[in-house]
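Have a look at the structure below before the remarks.
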Amino acid sequence: MSTHGASAEAKPATCLQKMSHAIESRMHAFFSRLGELVAIHPGKTVLLALVGVLIGASGFTTLEQESRGDKLWVPSGTRASEDYATYLSFFPPAGRSNLVIAVPSDGGDALTKENLVRALDLFEEISAVTITYEGEEYSFADLCVESFDYSGTTCMVESVLGKWEYDSSLLDAEADATVLTTINTGSTISELENYLGGMTLSEDGTEVLSAEALRIVVTLKNTETVEDGAYVDPIPDEWELEFIDVAQECIDGLECYVEATRSLSDEFGGAISGDISLISGSYMIIMAYTVFNLSSTPFLKSRILLSLGAILTVGLSIAFSIGLAAYLGFFYTPLHTVLPFILLGLGVDDSFVICNAFGRTDPRKSIPERMREGLGTSGVSITVTSITDFVAFMISSTTALPALSSFCVYSALGILALYILQSTIFVALVVYDTRRQEAGRLDCCCFLKTKDMQKRPSAVAAAAAEPNAEWDPTWGERGRLEKFVGDKYAPVLTKKPVKAVIIAVFGIIFAFCCYGASQLGVDDTDEAFIPDGSYLLDTINARETYFGSVGADVEVVTEGIDYFSLQAELADVSAKLTGFGDDTSPYIQDPATSGTFFSWFDDLIVYAEAEGTATLVPSTAFGGEYTVFSDETEFQSSLAAFLASDDGIKYSANVVFEDDGSIRAAAIQSEYSGNINGDAAKQVDAMVDLRSLMDEWSFEAFPWSGRYFQWETFQIIYQELYQGLGLCLAVVLVLTLVLIAHPATAGLVFLMVTFTIVDVLGIMYYWGLSIDTIAVINLVLAVGLSVDYAAHVAHSFMVKTGTRDERAVQALADIGVAVIHGGVSTFLAVVLLSLSASYVFRVLFKQFFATAVMGLGHGLILLPVLLSLVGPSSYRAADGDLKKKGHIQAAVTPVGSGANSKVSPSEGR
């Protein structure tokens, strides 16, 4: 034996070795007994397992689905959730906005009378849209939000066409030369920015001279209800469908870009449903790959039925996990469509490991004896990976993101079910398949026998007749891939120069990926969810091009305060918001000049001054800067009159009263600056800083924007990423330490998984991905997958004997092909998704591809090299020492000796 890489087999067993041996031997004994029982009673095993699956799957009857974004992606217990609940208790949900951007086809001025007439014609076609729902007709006037301050229409419409009261006769009567005068009269440039895009201004910046685009927004009443975990509003949905068709047809001379409230869900849902064929194709590829690699010679050893059985266990585990999770009260989401991909990768991997171990047993023995040996070895290996994955996903279910939490529970239950079903149903199917082969019956046509088998006895019968004869090698020839791994590839890894190069190359890759991982940021990926070629992408581009300065709406909400005594503070809100932002740009549009700040109190004072029906005095606060009511009764009566007037009716929904006439809650409307659009970091800062600013005010107030749900997710996503990965990696370390039962080996597995995840993060950066909810979910899945690639090799190394180099070679020869099949099957499960129009599936492909490549690289290249250098003594060292001391009576059943074993699996190519 060479001194290089020599094992410590001759040394007395340490306490750690004794503990390692005790854990491994007990698991080995359990699975040995289980394998024998299943082989003796395969029918009963299948029946009992199916009964258990049916009991769990019966939970389908209690399954609750959830597809509401605010219930899936808004972190639970966050301020956004609490503030929204408070907001809804006072104010109704926002209306359904529907947008059209009209651009002259010739690229000319949109403010010519000719183009304005065209735009008005388009509006008239939109307002004429009528639908029939369940026998009732609904017009735009029936469904729209009522207008408060725009004349010419009973509906709330935002457009420069309001200058002519949406009346074609008034616009026709307008002279070409006076069109710009009418537009500029009574409106600031900031106000016109909401309606006109790409404006050219006068030299002094006070008048608009031309514009490249017109913006028309019509708003429908929000009457949505919740059905089966989804927001349902069928009548406006139907109207918007017609609206999209009409707007897309547009008017000659104009190009129209349209977006309805339903557009995003339509386009995203359409992309997912359009990928059904790709998903089905992925399943077929996995099935074909499994058949090909579990098979040997045609007909007799084709194992098509066994391969279908492997896929069946995945399907049964999915059914069980969904049913049991439903019983436990966890909802099902569109995200859960990813579940089959993770379970397919893990399930096929376990199937290969079991078949690989069974194929290494002596076929001259009885099937129960062979399965005792085979499952005794493979059962321990799949236990290490499955239990680690199960606990990691359960720990990850503590995330604050409800969709991810539910998905992790479903995944954990699926992994646990798959682990049990692979150890029972699939093992039983292997037994039946082996019986079929020994009987010479054809796969898929079990009633037929091959002539060759009719002429020769089975291996068991031949062994009984000639116990000392060599068994027929055609029963267990090694496949080409196994020969290559065991005889060519693995020995090369033990050469010193190769080890040095491998460590150096992986070190360089890790350094590059560390840099990439450090550059990953949180981005606003809403646009990415829209499939390529969608009309909505054109609309988003037009909006950014022509109306990039328009930001998200935000409201200053007050409740439970003494509005009369705090008049000066209410008047000072605009001053407090002026200039609010970072050192370079404001987060809020300028309340004084932007035309986006609407304060019911400020306009109430203007109204009271004009009416002269109340006594107004300088405020005692702020040095008398503001004018306020001196009498509370006059304040209340003036407010009631103001809200009923033409000037104040637009604020009637912004002030909510108690039964006694006092103000219960109120909202002041403003708008975020367009400079934070698309910048997740600035959006989070704008939300957090505005909350902090208002928390310091002398009265109770909080900001609310419909975008806060998304921005809240941006804020917490980094924490969820690092917390989730940290907990998963901690679970990997602890459980591999317990199950592999050696700190050095467990530490190496932990390092391989950690390196793989860091490399995946780096590849994400170089591949143009960013941190979002989809990426975080896939990274949690990546931990589970990468554990499999490393843990199988590490466990196999621990049960081998010889020098470290010899054990590394034997481990790869024994388990390497199964690990390769597991990684390749994961890649094949998602390869077709690279063609998907859906952002979710494209990201899934990229991250799973990176995980498979880097996981296999670390598990089959770097880990064997490190084990050959610093790997600990095997379990057998403790076994031999303990037997010498009389502590145990029997050795652990040996596994096949790898590349030098005469009995090799026919199951792997």
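Numbering (the working numbering) for the sequence shown: 13 to 921. Note that CB positions come from ideal geometry on N, CA and C, so glycine has one too.
Where T190 is concerned, there is no enclosing beta strand (DSSP E), because DSSP gives it neither an H nor an E.
K588 and G636 have their alpha carbons spaced roughly 16 Å apart.
Straight-line measurement puts the Cα of D594 at about 43 Å from the Cα of A189.
Beta bridge pairing from DSSP links G107 with no other residue. With a threshold of 16 other beta carbon atoms within 10 Å, D257 falls short and is exposed. Cβ atoms of I769 and S798 come within 8 Å of each other, at about 7 Å.
For P598, the secondary structure class from DSSP, reduced to helix, strand or coil, is strand. Exposed is the label assigned to G572, since fewer than 16 other Cβ atoms lie within 10 Å of its Cβ. The three-state secondary structure of Y684, taken from DSSP, is strand.
Going by C-alpha positions, A369 is about 5 Å away from G386. Separation of E261 and W251 (C-alpha to C-alpha, rounded to the nearest whole angstrom) is 16 Å. In the pairwise beta carbon analysis, the stretch 801–816 is classified as touching the stretch 745–758: at least three pairs are separated by under 8 Å. Distances from the alpha-carbon of V855 to those of S674, T748, S649, D784 put D784 closest. In this structure, A742 keeps its C-beta atom at 8 Å or more from the C-beta atom of D287. Between L875 and M706, the gap from beta carbon to beta carbon reaches 8 Å or more. A contact between stretches requires three or more CB pairs, one per stretch, nearer than 8 Å, and the stretch 501–518 meets this requirement with the stretch 807–822. Excluding sequence positions up to five before and after L60, its CB lies less than 6 Å from no other CB in the same chain. Looking at A41, R227, G265, V63, the one whose alpha-carbon comes closest to that of S117 is G265. In the same chain as K858, and ignoring 5 residues on each side of it, the C-beta atoms closer than 7 Å to its own belong to W779, L781, in chain order.
DSSP places T725 inside the alpha helix (DSSP H), whose first and last residues are 720–751. Here W779 carries a coil assignment [DSSP, helix/strand/coil]. A residue is called buried once 16 or more other Cβ atoms fall within 10 Å of its Cβ, and K56, having fewer, is exposed.
Taking a contact to require three or more Cβ pairs closer than 8 Å, the stretch 731–746 and the stretch 820–834 do not qualify as touching.
With contacts defined by Cβ atoms closer than 8 Å, L66 and I789 do not form a contacting pair. Between D800 and D361, the alpha-carbon positions lie close to 8 Å from each other. Contact annotation, I366 with S329: C-beta distance approximately 15 Å; criterion of less than 8 Å not satisfied. Excluding residues up to 5 positions away in sequence, R80, V244 lie with their Cβ nearer than 8 Å to the Cβ of V238 in the same chain.
Taking 8 Å as the cut-off, the Cβ atoms of G498 and S70 do not count as close. Within the model, the alpha-carbon separation for Y339 versus C420 is close to 16 Å. In this structure, R227 places its C-beta atom within 8 Å of the C-beta atom of F559. About 18 Å separates the beta carbons of F102 and V585, which is beyond the 8 Å limit, so they are not a contact pair.
DSSP places A440 in no beta strand (DSSP E) but in the uninterrupted alpha helix (DSSP H) bounded by 439–450.
C-alpha of A51 to C-alpha of Y295: approximately 29 Å in a straight line. T410 carries a coil assignment under DSSP once its states are collapsed to helix, strand and coil.
Fully contained in the stretch 87–142 are the following beta strand (DSSP E) runs of length 3 or more, in chain order: 108–116. Between N234 and R108, the C-beta gap is smaller than 8 Å, which places the two residues in contact.
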